[in-house]
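Asks:
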Amino acid sequence: MKKPIRDIMSIEKAYNIWADQYDTNLNKTRDLDKIATIETLNKLKFSKVIELGCGTGKNTIYLLKKADKVIGLDFSQEMLNKAKEKIQDKRVQFNRADFTTKWNIENNYADLITCNLVLEHVKNLDFVFDQANQKLKCDGYFFISELHPFKQYSGSKAKFETENGIQELETYVHHISEYLNAAKKNGFELVEIKEWFDEVNKAGIPRLIGILWRKNS
Ligand SMILES: C[S@@+](CC[C@H](N)C(=O)[O-])C[C@H]1O[C@@H](n2cnc3c(N)ncnc32)[C@H](O)[C@@H]1O
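Be aware that the sequence shown starts at 25, since it is given in my numbering, and climbs by one per residue.
1. Compare the beta carbon distance of F212 and F153 with 8 Å and say whether it is the shorter of the two.
2. Quick one: does the C-beta of D154 sit closer than 7 Å to a heavy atom of ligand 1?
3. Report all residues from its chain with a CB closer than 8 Å to the CB of V215; omit the five preceding and five following residues, and keep chain order.
4. Is F151 near ligand 1, in the sense that its beta carbon is under 7 Å from a heavy atom of that ligand?
5. Would you mind reading off the limits of the alpha helix (DSSP H) that contains F151?
6. Pull up the DSSP beta-bridge partners for I62, would you.
7. Where does Y39 fall in DSSP's three states?
8. What residue range does the beta strand (DSSP E) around A207 cover?
9. Between the beta-carbon of I74 and the beta-carbon of E170, is there less than 8 Å?
10. Using only alpha-carbon positions, find the residue among N83, F174, N205 that is nearest to E219.
11. Check whether the Cβ of L97 sits closer than 7 Å to any heavy atom of ligand 1, and report yes or no.
12. Could you tell me the boundaries of the beta strand (DSSP E) in which T186 lies?
13. Rounded to a whole number of angstroms, what is the C-alpha to C-alpha distance between E36 and A134?
14. What are the start and end residues of the beta strand (DSSP E) that includes E216?
15. Taking the alpha-carbon of L104 as reference, which of D92, G81, L87 has the nearest alpha-carbon?
16. Taking its Cβ as the centre, do 16 or more other Cβ atoms sit within 10 Å of G179, making it buried, or is it exposed?
17. Below 8 Å on the Cβ atoms is my guess for L160 versus V116; work out the distance and round it to an integer in Å.
18. For N140 versus N210, is the C-beta distance shorter than 8 Å?
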């Protein structure tokens with residue numbers, strides 16, 4: 025087992041390197057997120073979607089099965105290049121952007137915003153929830169699926185293998201209360217909260233937390 029590298033690499037640079045193996049390396053979190061996303065969003069109707077940190081487009085492919093338009097935002101050009109290689113569809117627009125700065129999208133645009141495996145890299149949740157509220161139509165949905173804080177407490181974080189060892193990424197722990205409070209403060213009502221486990225019998229620590237809100241003001 026390779027040792028973690030203890031240097032600090034920017035998140036954007038790390039994903040530019042990770043992009044080459046992101047879709048193919050062993051990654052239980054990525055795979056479980058796909059299941060959680062499909063199971064949660066299959067129940068909803070949506071037409072215009074904003075996908076935060078769309079990466080290589082793993083979930084974009086699913087979103088396009090139901091949506092008329094998807095705008096994917098990501099600051100890693102290499103992750104976006106992979107997404108563009110896989111998905112050539114006029115209904116999708118991949119924009120290179122940092123979503124911790126103002127989103128260049130008209131207000132009241134979307135009826136769904138999704139954010140998968142991304143917020144562990146974001147310090148200020150409040151800004152993201154504020155922008156999400158502005159860009160969603162009333163009654164629109166905001167769905168997040170993130171590494172469960174219990175996993176984070178036990179030291180788990182985004183990482184990938186390089187020739188020189190394991191490259192860990194800079195992460196922030198977000199408690200469940202932080203998500204709930206940021207959402208409430210920014211005009212969202214809770215629709216569903218769910219833990220996602222590796223084991224069918226739900227015996228271990230949950231891997232993911234999935235939360236679905238509806239914009240109510
Ligand atoms: C673990 S990947 C998840 C990709 C995809 N959502 C998925 O579930 O497979 C995290 C992605 O978030 C992007 N990301 C992280 N922070 C970001 C930011 N502030 N602005 C834009 N993209 C960001 C990274 O570049 C990366 O593509």
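Virtual Cβ for every residue (Gly too), placed ideally from N, Cα, C.
Replies: The relevant details are as follows:
1. Counting from one through the sequence shown, the residue named residue 212 turns up at place 188. Counting from one through the sequence shown, the residue named residue 153 turns up at place 129. Closer than 8 Å, so yes.
2. Along the sequence shown, read from residue 1 onward, the residue named residue 154 stands at position 130. Every heavy atom of ligand 1 is 7 Å or more from the Cβ of D154, so no.
3. Here residue 215 is taken as the residue at index 191 of the sequence shown, counted from 1. Closer than 8 Å at the Cβ level, and outside the excluded window around V215, lie Y165, L236, W237, R238.
4. To locate residue 151, count along the sequence shown from 1; it is residue 127. Checking every heavy atom of ligand 1 against the Cβ of F151, none is found closer than 7 Å.
5. As a first step, residue 151 must be located in the sequence shown, where it is residue number 127. First-last of the alpha helix (DSSP H) with F151: 149-159.
6. Stepping through the sequence shown from its first residue, residue 62 is reached at position 38. Paired residues: none, contrary to the question.
7. Within the sequence shown, numbered from 1, the residue matching residue 39 stands at position 15. Correct three-state label for Y39: helix.
8. As a working note, residue 207 is residue 183 in the sequence shown. Counting along the chain, A207 falls outside any beta strand (DSSP E), though it belongs to the alpha helix (DSSP H) covering 200-209.
9. The residue given as residue 74 occupies position 50 in the sequence shown. The residue given as residue 170 occupies position 146 in the sequence shown. No, Cβ-Cβ distance for I74 and E170 is not below 8 Å.
10. Working through the sequence shown from its first residue, we reach residue 219 at position 195. If we check each option's Cα against that of E219, F174 comes out closest.
11. The sequence position of residue 97 within the sequence shown is 73, counting from 1. Checking every heavy atom of ligand 1 against the Cβ of L97, one is found closer than 7 Å.
12. If you number the sequence shown from 1, residue 186 lands on position 162. That run of the beta strand (DSSP E) goes 183-186.
13. Mapped onto the sequence shown, residue 36 falls at position 12. Mapped onto the sequence shown, residue 134 falls at position 110. Rounded to whole angstroms, E36 to A134 spans 26 Å at the Cα level.
14. Taking the sequence shown and counting its residues from 1, the one referred to as residue 216 is at position 192. Per DSSP, E216 belongs to the beta strand (DSSP E) from 212-220.
15. Here the question's residue 104 lines up with position 80 in the sequence shown. The shortest CA-to-CA distance from L104 to any of D92, G81, L87 is the one to G81.
16. Translated into positions along the sequence shown, residue 179 becomes position 155. Flag for G179 reads exposed.
17. Sequence index remark: in the sequence shown, residue 160 carries index 136 (1-based). Sequence index remark: in the sequence shown, residue 116 carries index 92 (1-based). Between V116 and L160 the Cβ distance is about 19 Å, and since that is not below 8 Å, they are no contact.
18. As a position in the sequence shown, residue 140 is number 116, starting the count at 1. As a position in the sequence shown, residue 210 is number 186, starting the count at 1. For N140 and N210, no; Cβs fall outside 8 Å.
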